[in-house]
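In full-length UniProt numbering, the protein residues as written are 1 to 169.
No residue lacks a Cβ here, since even glycine has one placed at the ideal position from N, Cα and C.
Before any comments, here is the structure.
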Amino acid sequence: MNLPAPIWRRCIAAVYDGLLLVGLWMVALVIDTVVRDLFALDRNWAALRAYLFLVGLCFFSWSWTHGGQTLGMRTWRLRVQRSNGLPLRWLDAALRYALMLLCWGIVLTPALLQLPQLAGRANAATIAAGALLAVAAGLLSTALDTRRRAPQDRLSRTELVVLPAESRR
Numbered sequence: 001m002n003l004p005a006p007i008w009r010r011c012i013a014a015v016y017d018g019l020l021l022v023g024l025w026m027v028a029l030v031i032d033t034v035v036r037d038l039f040a041l042d043r044n045w046a047a048l049r050a051y052l053f054l055v056g057l058c059f060f061s062w063s064w065t066h067g068g069q070t071l072g073m074r075t076w077r078l079r080v081q082r083s084n085g086l087p088l089r090w091l092d093a094a095l096r097y098a099l100m101l102l103c104w105g106i107v108l109t110p111a112l113l114q115l116p117q118l119a120g121r122a123n124a125a126t127i128a129a130g131a132l133l134a135v136a137a138g139l140l141s142t143a144l145d146t147r148r149r150a151p152q153d154r155l156s157r158t159e160l161v162v163l164p165a166e167s168r169r
């Protein structure tokens, strides 16, 4: 049986995968810009958000359903699996991805509220404090969970485990 992934290892793998996702989104934006320019189309922000969501969904879902690892998870010997130990199905992966984005959105909210166009909002400090409390509650619940499941793991019935080190010969 594999051990649950510690929080620090999860976070480092998430940073790796976050950088990779930003790179994929940048390529997707270049493709969007080229297509819009070729066909003289106006920017549709809702369609662009949906497109970027689908790019990330395809990346994470394919990785998680084909071996249970993204590049960052492979580097840190982590694998995502269903709570019963079986590999993720596409629906499991899609749910986990959507919940993961929601969780990271909450984590990044205090930093985003420092942007000039958002910092002046009357309720920015209250929203930031609420987000920080939610992050602290999520981290505490992950630390107290015997299988170290984050909120997105519990809600999607998945878990992140550490794979054994390969023996070097």
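Quick check on DSSP: helix, strand or coil for Q81?
Taking the sequence shown and counting its residues from 1, one reaches residue 81 at position 81. In this structure, Q81 counts as strand in the three-state DSSP scheme.
Using 8 Å as the threshold, is the C-beta distance between R36 and R157 below it?
Translated into the one-based positions of the sequence shown, residue 36 becomes position 36. Translated into the one-based positions of the sequence shown, residue 157 becomes position 157. No, these two residues do not count as a Cβ contact at 8 Å.
When the distance is taken between beta carbons, is L20 closer than 8 Å to S72?
As a working mapping, residue 72 is identified with position 72 in the sequence shown. As a working mapping, residue 20 is identified with position 20 in the sequence shown. According to the sequence as given, residue 72 is Gly; it is not Ser. Yes; because the gap between Cβ atoms is below 8 Å, this pair is in contact.
Would you kindly check if the distance between the Cβ of R89 and the Cβ of T65 is under 8 Å?
Here residue 65 refers to the residue found at position 65 of the sequence shown. Here residue 89 refers to the residue found at position 89 of the sequence shown. For T65 and R89, yes; Cβs fall inside 8 Å.
Are the CB atoms of V162 and L78 nearer to each other than 8 Å?
Within the sequence shown, numbered from 1, the residue matching residue 162 stands at position 162. Within the sequence shown, numbered from 1, the residue matching residue 78 stands at position 78. Yes, Cβ-Cβ distance for V162 and L78 is below 8 Å.
Under 8 Å, with one C-beta from each stretch per pair, do the stretch 104-115 and the stretch 127-135 reach the 3-pair mark?
Yes, the stretch 104-115 touches the stretch 127-135.
Spatial distance of W76 from L3 (CA atoms)
Here residue 76 refers to the residue found at position 76 when the sequence shown is read from its first residue. Here residue 3 refers to the residue found at position 3 when the sequence shown is read from its first residue. W76 and L3: Cα-Cα distance of roughly 13 Å.
In chain order, what residues of the same chain lie with their CB nearer than 8 Å to the CB of L155, ignoring the 5 residues before and after it?
Here residue 155 corresponds to residue number 155 of the sequence shown, with the count starting at 1. The residues are L95, L99.
Taking the beta strand (DSSP E) that T158 belongs to, which residues open and close that run?
Position 158 of the sequence shown, counted from the start, is the residue given in the question as residue 158. Element bounds for T158: 158-162.
Fully enclosed by the stretch 15-95, which beta strand (DSSP E) runs are 3 residues long or longer?
Listed in chain order, they are 78-82.
Three-way DSSP call (helix, strand, coil) for P4 in this model
Taking the sequence shown and counting its residues from 1, one reaches residue 4 at position 4. In this structure, P4 counts as strand in the three-state DSSP scheme.
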